[in-house]
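So the protein lines, in turn, are chains A and B. Each residue of the first sequence is one higher than the one before, counting from 1 in my numbering. Each residue of the second sequence is one higher than the one before, counting from 1 in my numbering. We treat Cβ as the ideally placed atom computed from N, Cα and C, and that holds for glycine. Contents: one structure, followed by commentary.
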Amino acid sequence: MASPVLEVRGLKKHFPVRQRLLGRGATWVKAVDGVDFAIHGGETLGLIGESGCGKTTTSKLILLQEVPTAGSIAFEGRDIADLAGAELMSYRRAVQVVFQDPFSSLSPRMRVRDIIAEPLEIHTQLARAAIGERVAQVLALVGLEADVAALFPHEFSGGQRQRIAIARALATDTRLIVLDEPVSALDVSVRAQIINQLEHLQRTLSVSYLFIGHDLATVAHISHRIAVMYLGKIVESADSDSLCARPMHPYTQALFAAALPSHPDDPPAERTIAGEVPSALRVPPGCRFHPRCPSAMEVCSRVEPILQPREGGGEVACHLYPQPAPIERSRGA
Amino acid sequence: MLEVTDLRTHFFTFGGARVVKAVDGVSFRLREGETLGLVGESGSGKTTTCMSIVGLLPRAGRVVGGSVLFEGEDLTRKSQRELRRIRGRRIAMILQDPMASLNPLFTIFRQVAEPAFFHQHLRGRTLRERVRHLLESVRIPSPEWRMRDYPHQMSGGMRQRIVGAIALAGGPRLVIADEPTTNLDVTIQAQYLDLLKDIQRETGVALIFVTHNLGIVAKMCDRVAVMYAGKIIEQGPVRALFDDPKHPYTRALLGSVPKLGSKEPLYAIAGQPPNLADLPSGCAFHPRCPEAVPRCATEEPGDVHLAGGSVARCWLVSDGLTRS
Chain A
1 MASPVLEVRG LKKHFPVRQR LLGRGATWVK AVDGVDFAIH GGETLGLIGE SGCGKTTTSK
61 LILLQEVPTA GSIAFEGRDI ADLAGAELMS YRRAVQVVFQ DPFSSLSPRM RVRDIIAEPL
121 EIHTQLARAA IGERVAQVLA LVGLEADVAA LFPHEFSGGQ RQRIAIARAL ATDTRLIVLD
181 EPVSALDVSV RAQIINQLEH LQRTLSVSYL FIGHDLATVA HISHRIAVMY LGKIVESADS
241 DSLCARPMHP YTQALFAAAL PSHPDDPPAE RTIAGEVPSA LRVPPGCRFH PRCPSAMEVC
301 SRVEPILQPR EGGGEVACHL YPQPAPIERS RGA
Chain B
1 MLEVTDLRTH FFTFGGARVV KAVDGVSFRL REGETLGLVG ESGSGKTTTC MSIVGLLPRA
61 GRVVGGSVLF EGEDLTRKSQ RELRRIRGRR IAMILQDPMA SLNPLFTIFR QVAEPAFFHQ
121 HLRGRTLRER VRHLLESVRI PSPEWRMRDY PHQMSGGMRQ RIVGAIALAG GPRLVIADEP
181 TTNLDVTIQA QYLDLLKDIQ RETGVALIFV THNLGIVAKM CDRVAVMYAG KIIEQGPVRA
241 LFDDPKHPYT RALLGSVPKL GSKEPLYAIA GQPPNLADLP SGCAFHPRCP EAVPRCATEE
301 PGDVHLAGGS VARCWLVSDG LTRS
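Following this line, the structure appears as C-alpha cells:
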C-alpha cells in the first residue's frame with residue numbers, strides 16, 4: 001500500500017493540573033497517552049469513544065492547536081513538528097477541520113463568500129476574480145447555489161451551514177479533513193444528506209477524513225477503518241466491517257451493546273456495562289477498562305495490555321486474547 | 001388516562017401580527033403504564049405539545065383550541081394554581097439538560113426533597129428516608145453521602161438520574177421525558193434507558209418520550225407519534241410503524257438512519273424542515289416528498305384511521321384506501 005497521508009506514532013498529550021499553589025504536587029491529566037494510527041489517501045478513519053477519551057485532543061494535536069508531550073505526527077512522510085515557514089503554511093492548507101456546531105464555527109458577521117475566501121486569501125496569491133470563481137466552485141461541490149455567497153450564516157439552516165463549513169474546508173487544496181462530530185448537531189433528516197455528501201466528496205476528490213464521533217452506526221457507515229479509544233488509548237482498531245462483524249475488546253462490545261436497535265424486534269443487548277468513564281486524573285492501574293469490564297481477570301488490574309494483531313485484521317489490546325510470543329510492539333493501526 | 005384532542009397551541013409575536021402555529025391539531029391517547037414516543041425534528045412542535053399539556057408555555061404561546069384530558073380533568077381549563085398541584089405530583093417532567101434543571105446552589109437532598117415536602121408534607125426523618133429511597137431507586141451509590149453533594153460534584157449521567165429521582169418524588173402517574181439522554185454518552189444513555197424501563201415496570205407510570213432518535217423509540221416505546229410542522233402525520237403501535245410505515249416522511253426518516261454494519265447509501269430527505277411561520281400550502285411535507293401528487297400542494301390531508309390502530313395523514317394513504 002502507498003505510504004499513509006498521516007501517520008501518528010506514540011502520540012501523548014499530558015496536561016498539568018495544579019493541585020496546590022506554586023505547582024507543588026502537580027498531577028497530570030493524560031488526555032492522550034500513546035496513540036498510533038495511520039490514515040491513507042482517500043480513506044476515512046473513524047475515531048470513536050465517549051467524552052473524555054481523548055479524541056478531540058488527538059484532533060487538536062493534528063491541527064497544531066496543541067503541542068504533543070511525546071510522539072510524532074507525520075504528514076506525507078514529514079514530521080509536522082519540524083515544519084516551519086512555507087512548509088508549515090502548506091501543511092495548514094492541506095489539513096482542514098469541520099466542527100460539530102455550525103452555529104458557532106461560522107462568524108455571524110461575515111458573508112459566506114468571505115468565510116470561504118478567508119483561507120484562500122491567506123494561503124494563495126489568487127486574484128479577486130479567481131477567488132470568487134473558487135468560492136462558487138466549492139459551493140457547487142457541497143451542493144449549494146453560487147448566489148448564496150452574498151448571504152450571512154444566520155440565513156441558513158443547520159445542514160446548510162455545515163455544508164458551508166465543509167466548503168470552507170475544501171477551499172484550499174485539502175488532502176485531510178478532521179471531522180469532529182460533524183452531524184451530531186443536525187436534524188435527523190439532514191444528517192443523511194451531509195453523510196452522503198461527505199462520502200461523495202471523498203470519492204470525487206479522494207480526500208482523507210478523520211471522522212470523530214460517538215455514534216457507532218454513523219461512524220461505521222462512513223469509515224473504512226475504526227479506532228476505538230478509551231481514556232487516552234486505542235483499545236481496538238480494525239476494518240469497519242470486521243469490527244462490526246466481531247468486536248473483540250470488551251469495551252467495543254459494550255459500545256455495540258449500548259447502540260440503539262434499528263427495529264423494536266431487534267434482540268435486546270445482553271449486557272450493558274455498569275459505571276462511568278473514570279476521571280482522567282485517576283486512571284486505573286493495569287488495563288484502564290478493568291473496573292468496568294464484565295470479563296476482567298486478576299491480571300487486568302496489574303498489567304496493561306498492549307495492542308496485538310487481532311483475528312480478521314486490526315489490533316486489540318486485551319488480556320482475553322493471548323499474546324503471541326515473542327511479544328513485538330506493533331506499529332500503526 | 002391522558003387524552004389529547006385537537007390540541008392547538010399558537011405563538012403570537014409582534015403584538016399578534018404574526019402567528020406561529022407550533023402545534024396545530026394534535027390528538028393522541030395514552031393508557032396507564034404505556035410509553036408513547038413523540039418523534040420529530042427540531043421545530044416540529046413536540047416540545048410545545050408537552051409544554052401545553054403541563055401548562056408551562058412561554059408568554060407568547062397560548063392554547064387556542066382542543067383539550068387535554070388527564071384522569072378525567074381538562075388541564076387546559078385549569079388555573080396555574082391548580083396546575084401547580086398537579087405538576088410534580090401527578091405529572092412530572094425530565095428535561096434534556098440536567099445541569100439546567102438542577103439548582104447549583106442547593107444540595108441534592110434539598111432538591112429531591114422538595115416535591116415530597118410540598119405535595120406530601122413530609123418532614124424530618126421521614127423526609128430523609130424518602131429521599132434516600134428515591135436516590136436508591138435511581139441507582140445512586142451511597143445515597144446517604146451523595147445527598148449532601150451539590151450538582152457540580154456529579155457526572156452528567158448521575159445528574160440526569162437525580163432529575164429522574166425528583167420526577168419520581170411526587171409519585172407521578174405520567175412522566176414526560178423531553179430528550180433526556182441527548183447529552184449523555186452512549187453507554188450512559190443505555191444505562192439510563194434501562195433504568196427508566198425498570199422504574200416503569202416497578203411503578204406502572206406512563207411515559208411520554210420526546211426524541212428525534214428512532215433507535216430510542218424502537219427500544220423504549222409501545223406507541224409512536226411522528227410530528228412534522230406542528231401536526232402528527234402518523235401514529236400507531238411501534239411495530240406497525242417500523243414494519244409498515246405509511247407516511248412518506250416516516251419512511252424517509254427510517255431510511256435516513258444508518259444501520260450498524262451496513263454501508264448502503266443513506267436515504268437523504270431533500271430540503272430542510274419548513275419554517276413554521278411560513279408553511280407550504282396543502283400538506284406541509286409536500287415540497288420534500290418524493291411521492292407527492294398535485295393534490296398534495298393544494299389540499300391538506302386529514303387523518304386516515306387504519307386497521308391495527310394506526311393513523312396516517314397523507315393523500316396517498318387515503319386515496320389508496322378509497323381505491324382498494
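Asked: Residues within the region 3-22 of chain B neighbouring chain A, beta-carbon criterion of under 8 Å; Found: none
Asked: C-beta atoms of residue 109(B) and residue 138(B) nearer than 8 Å; Found: no
Asked: Where the alpha helix (DSSP H) through residue 234(B) begins and ends; Found: From DSSP, residue 234(B) is part of no alpha helix (DSSP H) but of the beta strand (DSSP E) over 231-237.
Asked: C-beta contact flag for residue 92(B) and residue 134(B) at 8 Å; Found: no
Asked: For residue 234(A) and residue 183(A), the rounded distance between their alpha carbons; Found: 23 Å
Asked: Residue 33(B) versus residue 206(B) - alpha carbon distance; Found: 4 Å
Asked: Residues of the region 267-280 of chain B with Cβ closer than 7 Å to any Cβ of chain A, in chain order; Found: 267, 268, 269, 272, 273
Asked: Residue-level contact to chain B via CB, residue 195(A), 8 Å cutoff; Found: yes
Asked: Closer than 8 Å to chain B by CB, residue 242(A); Found: no
Asked: Neighbour list for residue 265(A) in chain B, Cβ cutoff strictly below 9 Å; Found: 218, 239, 242, 243
Asked: Whole-angstrom C-beta distance between residue 35(A) and residue 5(A), which should lie under 8 Å; Found: Their Cβ separation, rounded to whole angstroms, is 17 Å, which puts residue 5(A) and residue 35(A) out of contact at 8 Å.
Asked: Min CB distance residue 187(B) to chain A below 8 Å; Found: yes
Asked: Local Cβ density within 10 Å of residue 116(A), reported as buried at 16 or more and exposed below that; Found: buried
Asked: Beta-carbon contacts of residue 67(B) that lie in its chain and below 7 Å, excluding the five residues immediately before and after; Found: 5, 74, 76
Asked: Closer than 8 Å to chain A by CB, residue 257(B); Found: yes
Asked: Residue range of the unbroken alpha helix (DSSP H) whose run includes residue 187(B); Found: 186-203
Asked: Residue 156(A) versus residue 108(A): straight-line alpha-carbon distance, rounded; Found: 11 Å
Asked: Proximity to residue 278(A) [Cα-Cα], best of 186(A), 291(A), 17(A); Found: 291(A)
Asked: Residue 53(B) (DSSP reduced to helix, strand or coil); Found: helix
Asked: Beta bridge counterpart(s) of residue 305(B) as assigned by DSSP; Found: 311(B)
Asked: Beta carbon of residue 184(B) nearer than 8 Å to that of residue 156(B); Found: yes
Asked: Beta-carbon spacing of residue 277(B), residue 59(B) below 8 Å; Found: no
Asked: Whole-angstrom distance between residue 93(A) and residue 95(B), CA atom to CA atom; Found: 42 Å
Asked: Nearest-angstrom Cβ-Cβ length linking residue 326(B) and residue 161(B), presumed shorter than 8 Å; Found: No information on residue 326(B) is available, as it lies outside the stretch 1 to 324 that chain B covers here.
Asked: Test: residue 276(A) CB closer than 8 Å to a CB of chain B; Found: yes
Asked: Cβ distance (whole Å) where residue 262(A) is taken to contact residue 252(B) below 8 Å; Found: Going by Cβ atoms, the distance from residue 262(A) to residue 252(B) rounds to 15 Å, so no, they are not a contact pair.
Asked: For residue 226(B), the nearest candidate out of 280(B), 9(B), 49(B), 104(B) (CA to CA); Found: 49(B)
Asked: Pairwise C-alpha distance: residue 152(B) and residue 53(B); Found: 31 Å
Asked: Run of the beta strand (DSSP E) containing residue 213(A), from where it starts to where it stops; Found: 208-213
Asked: Reduced DSSP category for residue 96(A) - H, G, I as helix; E, B as strand; rest coil; Found: strand
Asked: Nearest-angstrom Cβ-Cβ length linking residue 314(A) and residue 239(A), presumed shorter than 8 Å; Found: 6 Å
Asked: Neighbour list for residue 44(A) in chain B, Cβ cutoff strictly below 7 Å; Found: Result: empty, since nearest Cβ-Cβ is about 11 Å, beyond 7 Å.
Asked: Distance CB(residue 198(A))-CB(residue 226(A)) smaller than 8 Å; Found: no
Asked: Close beta carbons around residue 315(B), own chain, < 6 Å, minus the five adjacent residues each side; Found: 295, 296, 301
Asked: Those residues which DSSP pairs with residue 278(B) across a bridge; Found: According to DSSP, which records beta bridges pairwise, residue 278(B) is partnered with nothing at all.
Asked: Integer-rounded CB distance, given that residue 222(A) should sit under 8 Å from residue 56(A); Found: Between residue 222(A) and residue 56(A) the Cβ distance is about 18 Å, and since that is not below 8 Å, they are no contact.
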